[in-house]
Amino acid sequence: MDYDDPGTFEFVPPANVTTVFVQAWGGGGGGASGNAALSGSGGGAGGFAWCVLPVQPSTPVTVFVAAGGVGQSGQSDGLVGGNSGAINSLGDFAAGRGGLGGRFVPPVGGTGGMGECNGIQGTARQGADGSPGSFSNAAPGGPGGRPAVDGIIQPAPAGAGTGGTGGAGGADNTGDNGGSGYVVIWW
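Taking my numbering, I'd label the letters of the sequence shown as residues 6 to 192.
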């Protein structure tokens, strides 16, 4: 099962399934705005987690998929991306945390989000940081960070978990939104 639309969903494990594997990417951070004097910074990529999640047949698992952080205008920092993952009835969870938005001043790229396997086995990676903007009225915005992993079972959709690019310099240019999160469950 894969989930690529932001929102909250229920996954019901089939009969005889007591363990599932979860891949989760957090949402990317939004890009900061540019203005007449500088270009905006890129948002950080969402974190990635690959975890072994115990489940009970017919007992729902909550799956949550993040929206990316919103890119900003008006001399503002980009917004943080949301968290994506899955949580079982015992409170164990797999999560990819959202990347931070790019900073307007000083023009610093957003930090990439972390992955987490809480109470369970797995591996986690931090998304790449966004690139900083530039004190130049002609510079393009700093690129957003890229997720650390493209997918173990299947590749993530294009742009999933990617940080938004900062707004270009020279005017009040809006930064791009970060990519939405993504979750895959298999057994």
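The beta carbon of each residue, even a glycine, is placed where N, CA and C say it ideally should be.
(request) Return the Cβ separation of residue 91 and residue 68 in integer angstroms, given the expectation that the two are a contact with Cβ distance under 8 Å. (result) Contact between residue 91 and residue 68 holds, since their C-beta atoms are separated by about 5 Å, short of 8 Å.
(request) Please list, in chain order, all residues of the same chain as residue 141 whose beta carbon is under 6 Å from its beta carbon, the five residues on each side excluded. (result) Cβ neighbours of residue 141 beyond the five flanking positions: 174.
(message) Check for me: the beta strand (DSSP E) holding residue 192 runs from which residue to which?
(response) In the DSSP assignment, residue 192 falls outside any beta strand (DSSP E), carrying neither H nor E.
(request) Jot down the residue ranges of each uninterrupted beta strand (DSSP E) in the stretch 48-128, minimum 3 residues, whole runs only, in chain order. (result) Note on the stretch 48-128: whole beta strand (DSSP E) runs with a minimum of 3 residues are 53-59, 66-70, 89-92, 98-101 and 120-123, in chain order.
(request) Taking the CB atoms as reference points, tell me whether residue 94 and residue 66 lie closer together than 9 Å. (result) Yes; because the gap between Cβ atoms is below 9 Å, this pair is in contact.
(message) Using the Cβ count rule (16 or more neighbours within 10 Å means buried), how would you classify residue 121?
(response) Classification of residue 121: buried, given that the 10 Å Cβ count is 16 or more.
(message) Any contact between the stretch 57-64 and the stretch 161-169? By contact I mean 3 or more CB pairs, one from each, below 8 Å.
(response) Contact fails: fewer than three Cβ-Cβ distances are below 8 Å.
(message) Tell me the rounded alpha-carbon separation between residue 129 and residue 37.
(response) Their backbone Cα atoms lie some 27 Å apart in a straight line.
(message) Relative to the C-alpha of residue 123, which candidate in 56, 71 and 156 has its C-alpha closest?
(response) In terms of Cα proximity to residue 123, the closest of 56, 71 and 156 is 56.
(message) Given this structure, state the Cα-to-Cα distance separating residue 180 from residue 30, to the nearest angstrom.
(response) Spanning the alpha carbons of residue 180 and residue 30 requires a straight line of approximately 21 Å.
(request) Can you tell me which of the three DSSP states residue 27 falls into? (result) Residue 27: strand per DSSP, three-state reduction.
(message) Going by DSSP, what residue range makes up the beta strand (DSSP E) through residue 13?
(response) If you look at residue 13, you'll find it in the beta strand (DSSP E) that goes 12-16.
(request) With a 10 Å radius around its C-beta and 16 neighbouring C-beta atoms as the bar for buried, classify residue 157 as buried or exposed. (result) Exposed, by the Cβ-count rule.
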